[in-house]
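Asker: What follows is a single structure, and I will ask about it in a moment.
Residue numbers (UniProt numbering): 1 to 118.
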C-alpha cells in the first residue's frame, strides 16, 4: 500500500535524525492500521491514519506521517462502547484527567476487528 510505504519511509527518516538507545524493527512494528474517524472536542469528525504498534501504542496521524498527532499507551486504556453505531471509546486513564477518544469505524465488522486487535 501507498500508506504503508509512506509510514515506513517516515519511520526510517525519524531513526536517521537521532540515535535511540534501542532499535525498532521498523518493517515489522505495525500490528494493524487503517483510516478511521476521530471525534474532536467540538464534536466534529476527522479522518486519521491509526497505527497499532506491536509495542502497545496506538498512534494517529493527520497529514504529517512523520509525527503523530497523538499516541495512546494501551496499557493505560480501557475500551468502551459508544452510543453511535460502529463507534467505540478508548479512555486513557491518567493521574489528573482521563482522556476520552471517540473513534468511528466504517462498519460494524471493522469496529469488531479493531476492538479485538486492541
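Every residue, glycine too, gets a C-beta built ideally from N, C-alpha and C.
1. By how many angstroms is the C-alpha of residue 28 removed from the C-alpha of residue 82?
2. Here's a check: name, in chain order, each residue in its chain whose Cβ is nearer than 8 angstroms to the Cβ of residue 73, leaving out the five neighbours to either side.
3. As an exercise, report each continuous alpha helix (DSSP H) stretch of at least 4 residues that is fully enclosed by the UniProt domain "PH" (29–118), in chain order.
4. To the nearest angstrom, how far is the alpha carbon of residue 88 from that of residue 31?
5. Please name the residue in 52, 77 and 63 whose C-alpha comes closest to that of residue 113.
Answerer: According to the data block:
1. The residue labelled residue 82 in the question sits at position 82 within the chain shown. The residue labelled residue 28 in the question sits at position 28 within the chain shown. Looking at the two C-alpha atoms, the distance is approximately 31 angstroms.
2. Translated into the one-based positions of the chain shown, residue 73 becomes position 73. Closer than 8 angstroms at Cβ, skipping near neighbours: 56, 57 and 92.
3. Runs found: 108–117.
4. On the chain shown, residue 88 is found 88 positions in, with the first residue counted as 1. On the chain shown, residue 31 is found 31 positions in, with the first residue counted as 1. One C-alpha to the other measures close to 19 angstroms.
5. To locate residue 113, count along the chain shown from 1; it is residue 113. Closest by alpha carbon: 52.
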